[in-house]
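As structure tokens, the structure follows; a few thoughts come after it.
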Amino acid sequence: MSFPEVPRLSLDGLDELLEHYQIRCVLLYNRNPELQEKFNSSNTPDFYRYADTEGVLYFRELQETAIPFPASKEMLTVSGETDLRIFLDVGHQCYDAIRKHIPEEKDLRILDFGVGCARTMRHFYRTFQNYDLYGCDVDEAAIGYIQNSVPFIKATATGNNPPLPYESDYFDFIYSISVLTHLNARALDEWVQELARITRPEGLVVPTIHGSTAFEEVLNNTKRRAVLGIKEDEFEAGLTSFRETGFCWMSQAAGSENIDTDQYGICFIDDENLEQLFGPTFKVLSHTKGEIEGWQDVVVLQKV
1 MSFPEVPRLS LDGLDELLEH YQIRCVLLYN RNPELQEKFN SSNTPDFYRY
51 ADTEGVLYFR ELQETAIPFP ASKEMLTVSG ETDLRIFLDV GHQCYDAIRK
101 HIPEEKDLRI LDFGVGCART MRHFYRTFQN YDLYGCDVDE AAIGYIQNSV
151 PFIKATATGN NPPLPYESDY FDFIYSISVL THLNARALDE WVQELARITR
201 PEGLVVPTIH GSTAFEEVLN NTKRRAVLGI KEDEFEAGLT SFRETGFCWM
251 SQAAGSENID TDQYGICFID DENLEQLFGP TFKVLSHTKG EIEGWQDVVV
301 LQKV
């Protein structure tokens, strides 16, 4: 059985496409009294969020000029489901959590480390002209989708181990959603050092981690452990490790055939271990517990 292809976009003409998208958002607002009652203006972050999540689901004129949705297989890999509402909403949550830490400078080089099918970076569509945007991932199919349909991202398929194909001190800002949350201790240490290599001095790296908030959730919720695919015997060993060392890693099924399952699973890091994990290469500027869905912590690091 053949399936319809995801529409392709080219960087040529993308400025014009974005302009049409923004105009259609304004026209949608102007003709809809319910939206006017809910939002003070069509030029507010709240309305942008609505248009880029709910609006693009229901209004064809927005879909025609928006970034095309990825295929269901790529959505399953990145989030374990194919509900576009969840995909767009969580992606925008991640975008909101990240963008407030981006310095107010133009032409910054920004990398999404573990970009997947651009669940987060697709939401840079409105402002892509302001940045030099990159994404990398081991999932070759997801990278293929980005190269064909999200052309404002310079997307590269990479391996499971360092190095990445970027020069040292190259990026001003790197973020990483749900990558360091899956690595064993060896891989975690190697990738932290690699992220340090490609970040410019005083540049920022903003990863998510599973901290004590997430660990308490799996500790007290057997259904959560089952959903995550954590085996009970492994969890008992992980619990001992977490209590003794402040770190544990357990195996977990991978969504992509390109992922090395010897180092991929799910890991938890005690709050007291952040300085040890990221130092001395990085300074921990902030740590917000459960910022994404009440589950993943967001850590802001600065290269020293």
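Position 59 (the sequence shown) corresponds to 59 in full-length UniProt numbering; numbering is contiguous.
For each residue, glycine too, the CB sits at the ideal point set by N, CA and C.
Beta-carbon spacing of residue i, residue j below 9 Å
{"i": "residue 7", "j": "residue 176", "result": "no"}
{"i": "residue 152", "j": "residue 108", "result": "no"}
{"i": "residue 25", "j": "residue 42", "result": "yes"}
{"i": "residue 140", "j": "residue 118", "result": "no"}
{"i": "residue 200", "j": "residue 170", "result": "yes"}
{"i": "residue 300", "j": "residue 239", "result": "no"}
{"i": "residue 213", "j": "residue 289", "result": "yes"}
{"i": "residue 114", "j": "residue 179", "result": "yes"}
{"i": "residue 259", "j": "residue 78", "result": "no"}
Beta-carbon contacts of residue i that lie in its chain and below 7 Å, excluding the five residues immediately before and after
{"i": "residue 162", "result": "190, 191, 194"}
{"i": "residue 144", "result": "none"}
{"i": "residue 97", "result": "291, 292, 298"}
Reduced DSSP category for residue i - H, G, I as helix; E, B as strand; rest coil
{"i": "residue 41", "result": "coil"}
{"i": "residue 92", "result": "helix"}
{"i": "residue 101", "result": "coil"}
{"i": "residue 1", "result": "Residue placement at residue 1 cannot be trusted, given a pLDDT of 48 that sits under 50; what the coordinates show is reported in the next sentence. Note: residue 1 maps to coil in three-state DSSP."}
{"i": "residue 11", "result": "coil"}
{"i": "residue 36", "result": "helix"}
{"i": "residue 244", "result": "helix"}
{"i": "residue 281", "result": "coil"}
{"i": "residue 176", "result": "strand"}
{"i": "residue 168", "result": "coil"}
Reference residue i, options the options, closest by Cα
{"i": "residue 168", "options": "288, 21, 197", "result": "197"}
{"i": "residue 246", "options": "185, 85, 74", "result": "185"}
{"i": "residue 255", "options": "122, 276, 82", "result": "82"}
{"i": "residue 120", "options": "86, 34, 59, 33", "result": "86"}
Pairwise C-alpha distance: residue j and residue i
{"i": "residue 20", "j": "residue 76", "result": "30 Å"}
{"i": "residue 262", "j": "residue 234", "result": "15 Å"}
{"i": "residue 129", "j": "residue 11", "result": "11 Å"}
{"i": "residue 17", "j": "residue 66", "result": "8 Å"}
{"i": "residue 34", "j": "residue 50", "result": "13 Å"}
{"i": "residue 217", "j": "residue 224", "result": "8 Å"}
{"i": "residue 52", "j": "residue 63", "result": "10 Å"}
{"i": "residue 44", "j": "residue 94", "result": "19 Å"}
{"i": "residue 92", "j": "residue 276", "result": "31 Å"}
{"i": "residue 58", "j": "residue 269", "result": "40 Å"}
{"i": "residue 249", "j": "residue 29", "result": "48 Å"}
{"i": "residue 103", "j": "residue 132", "result": "13 Å"}
{"i": "residue 278", "j": "residue 13", "result": "41 Å"}
Cut-off 8 Å between Cβ atoms - residues of its own chain near residue i, not counting five sequence neighbours on either side
{"i": "residue 182", "result": "252, 264, 265, 266, 267"}
{"i": "residue 22", "result": "126"}
{"i": "residue 228", "result": "218, 252, 266"}
Spatial neighbours of residue i in its chain, beta-carbon cut-off 6 Å, leaving aside the 5 residues before and after
{"i": "residue 296", "result": "208"}
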